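Below: one structure, written as C-alpha cells.
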Amino acid sequence: MEPTLRLRGIIGNLRGEGGFAFLAKARELKEKGKPVVNLSIGQPDVPTPDPVIEEAVRALSEEKFTGYTETPGIPEIRKAIAEYLNERYGAGVSWEEVVVTPGTKGAIFLALSAYLDHGDEIIVPEPSYPAYPEGAKILGGKPVYVPLEWRGPSKGFGLDLEKIEEAITPRTKFIVVNNPQNPTGALFSPKELEELVEIARKHNVMILADEIYDNFVYDDAEFKSLISMPGWREWLIYTNGFSKTFSMTGWRLGYVVVRKEVAGLLSKIAVSVWGCPVSFAQRAAVRALSDPEVWEWVRKLSKRYAEMRRILYEELSKTPGVEAHLSKGAYYLFPRVKQVEEETGLSTEEIVDYIINNYYLIVLPGGVFPDKAGKDFIRFSFATSREAVSEGGKRFRQAITDLLEKKVHR
Ligand SMILES: Cc1ncc(COP(=O)(O)O)c(C=O)c1O
78 MEPTLRLRGI IGNLRGEGGF AFLAKARELK EKGKPVVNLS IGQPDVPTPD PVIEEAVRAL
138 SEEKFTGYTE TPGIPEIRKA IAEYLNERYG AGVSWEEVVV TPGTKGAIFL ALSAYLDHGD
198 EIIVPEPSYP AYPEGAKILG GKPVYVPLEW RGPSKGFGLD LEKIEEAITP RTKFIVVNNP
258 QNPTGALFSP KELEELVEIA RKHNVMILAD EIYDNFVYDD AEFKSLISMP GWREWLIYTN
318 GFSKTFSMTG WRLGYVVVRK EVAGLLSKIA VSVWGCPVSF AQRAAVRALS DPEVWEWVRK
378 LSKRYAEMRR ILYEELSKTP GVEAHLSKGA YYLFPRVKQV EEETGLSTEE IVDYIINNYY
438 LIVLPGGVFP DKAGKDFIRF SFATSREAVS EGGKRFRQAI TDLLEKKVHR
C-alpha cells in the first residue's frame, strides 16, 4: 500500500459531523435561487457584540498583541473566567485551574486526550453532539452509548440513570453530561444531576461536563451547573466556551476547568498541539466577560430566542403526526416524527429529504447525532429570525400534511 494511505484503521470509521452536509445542501439550493429557510444552524444569527470586536481591533492595532501567549491563556482571561464562574455558580475556582483552548471542541479533546488510554470507555448519553464520541474514537477510546429517556411530548428527554449505572465497567473514565443538551434541547433537573454525581462517585468515574448553552435556559427553569456542586474537584472535568453565549463561533475560544495539578498537565499536552489560544481573541474575551453592556446583549439574545422557540413550537405542535416538546434549553426543538414514518413508510432521512427538496426548509434528521436514539426525531434550530422560524414552521407543517394526505410513499 502507498505510504500515504497507511492510515490508522479508526480514521475510516469516523462519522465526522453529519450536520455539515446539510449546510452544503442549503448553499447549493441558494445558489440555484431557491427560497431557502435554514433551521439547521447551531450558531446565533447575529455577529459578536461590538465592544468585543472593538477590543480585538484595539488589541491588534494599538497594542500589536500578535505574538504567542502563555499556553493555558493569558492570566487576565483565566482570572476573568474564574471570577465569572465564582460569581455565577459559587464555584470557588482559582485562575490556575482554568486552561483556555481553541474552542470548546479543543477543551473536550484536550480532556479526552489526557485521560483515555487505548480501550478506555466514555459513557455518552445519546443522541449526542458528535465531538465526544468522535474524539474518544480518534484517541483509541470507546464510546459506550446510553439512550436518553424519551418521556413524551410534555416532559421531553431525561437521563436514564439506571442504564448509565449499568453501562459502567472497570474501563469507564467519563460520563459525558452536556447540559443544556444538543440536539434535544433537554435541561436536566438538579435532582437527576445530583443522583448522577452520586453514581459517578460510587463507581469512581469522572464526569465530563459541557455547559456551553448555560446562558440559553427558558421559562425561568432551574439550571444546575455541575461546577456549583461541592467537592467538584474530585470528579469533574468542566468545559464551556465563548461561541454560543457571545456569538463568537469563529474566534475559537473555550476552556477547561480542572483541579490545579491536572490543569498543569493539560498545558503540557496543549503546548505541543496548538501552543496557545489566539492572542487578540483572548483580549476580546476578557472584555466579553467583564462588560455589563455585553451581558445585557446576551440577556436580550436569550430573551429573543425564548420568543422564537415559542413561535416555532406553536407550528410544530399543530403539525399532524408530530410529537413536539417545548424544550427548556439550548436553542433546539427536537420533535418526534415516528407516527409520520409509520403512516408513510418513510424514514426520518427520507422525510427530511422531502422537506428540503420540496419546501427548501433545511433541518437535520436526528440520526446525524450519534448514535441511534435520535433516529425518529428532527432537529430544528431557533437561533434565527422571527421570519425564518415562522416561515420554517409553516413549511414543515405543510410538508408533513402533504406526506400524510397524499400518502407520498417511497
Ligand atoms: C454541545 C456543544 N459543545 C461544543 C460545541 C462546540 O463549541 P466551540 O465552537 O466552542 O468549539 C458545540 C457547537 O455546536 C455544541 O453544540
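In this text, residue positions in the sequence shown follow this note's numbering: the first is 78, and each later residue adds one.
Glycine is no exception: its CB is placed at the ideal position from the N, C-alpha and C atoms.
Keep in mind that this is a model prediction, so the values were computed, not measured.
Closer than 6 angstroms by C-beta to residue i: which residues in its own chain qualify, once you throw out the five before and the five after it? Chain order, please.
i, result
"R413", "E400, D453, F454"
"T146", "C353, S356"
"I276", "E242"
"A133", "F357, A361"
"Y161", "L366"
Kindly indicate which three-state DSSP category residue i falls into: helix, strand or coil?
i, result
"A401", "coil"
"T69", "Absent from the model: residue 69. The displayed extent of the chain is 78 to 487, so no value can be given."
"D287", "strand"
"P514", "Because residue 514 is not part of the residues shown, which for the chain are 78 to 487, the question remains open."
"T545", "In the structure as shown, the chain begins at 78 and stops at 487. Residue 545 is therefore absent and cannot be evaluated."
"N115", "strand"
"F234", "strand"
"L441", "strand"
"N255", "strand"
"F99", "helix"
"N163", "helix"
"N435", "helix"
"D479", "helix"
"T425", "helix"
"A358", "helix"
"L40", "The structure shown does not extend to residue 40, since the chain is modelled only from 78 through 487, so no value can be given for it."
"D194", "coil"
"Q120", "coil"
"G469", "helix"
"A347", "helix"
"G341", "helix"
"D430", "helix"
"K301", "coil"
"K395", "coil"
Looking at residue i and ligand 1, is the gap between the Cβ and the nearest heavy atom below 7 angstroms?
i, result
"N259", "yes"
"I289", "yes"
"T461", "no"
"A191", "no"
"N255", "yes"
"A208", "yes"
"K490", "In this structure the chain extends from 78 to 487, so residue 490 is not present and cannot be described."
"S320", "yes"
"T81", "no"
"K182", "yes"
"T246", "no"
"G451", "no"
"G229", "no"
"T326", "yes"
"G119", "yes"
"G212", "no"
"G331", "yes"
Within the same chain, show all residues whose beta-carbon is closer than 7 angstroms to that of residue i, passing over the 5 residues directly before and after it, in chain order.
i, result
"P397", "I477, T478, L481"
"S344", "T148, P149, V176"
"D296", "K405"
"G318", "G180, T181, A184, I289, L330, G331, Y332"
"S379", "N292, F293"
"I432", "L438, V440, F473, A476"
"F99", "S117, I439, L441"
"E271", "none"
"G308", "none"
"E384", "none"
Ordered along the chain, which non-local residues of its own chain (more than five positions away) have a Cβ less than 8 angstroms from that of residue i?
i, result
"A103", "V113, N115, S117, I439"
"V274", "I284, L303, M306, W312"
"D237", "P202, V223, P224, L225, E226"
"K219", "G196, D197, E198, I199, A213, R248"
"L393", "V399, A401, L410, P412, F457, G470, F473, R474"
"N163", "G169, V170"
For residue i, write down the residues that DSSP places opposite it in a beta bridge.
i, result
"S458", "Y409"
"N317", "Y332"
"W227", "F234"
"Y222", "V201"
"T178", "G331"
"V294", "G406"
State yes or no: is the C-beta of residue i within less than 8 angstroms of the C-beta of residue j?
i, j, result
"T316", "A213", "no"
"Q359", "I154", "yes"
"G451", "P260", "yes"
"A191", "V221", "no"
"G470", "L389", "yes"
"E139", "A340", "no"
So is residue i in contact with chain C if we call contact Cβ pairs under 8 angstroms?
i, result
"I118", "Although the question refers to chain C, the structure presented lacks it and comprises just one protein chain."
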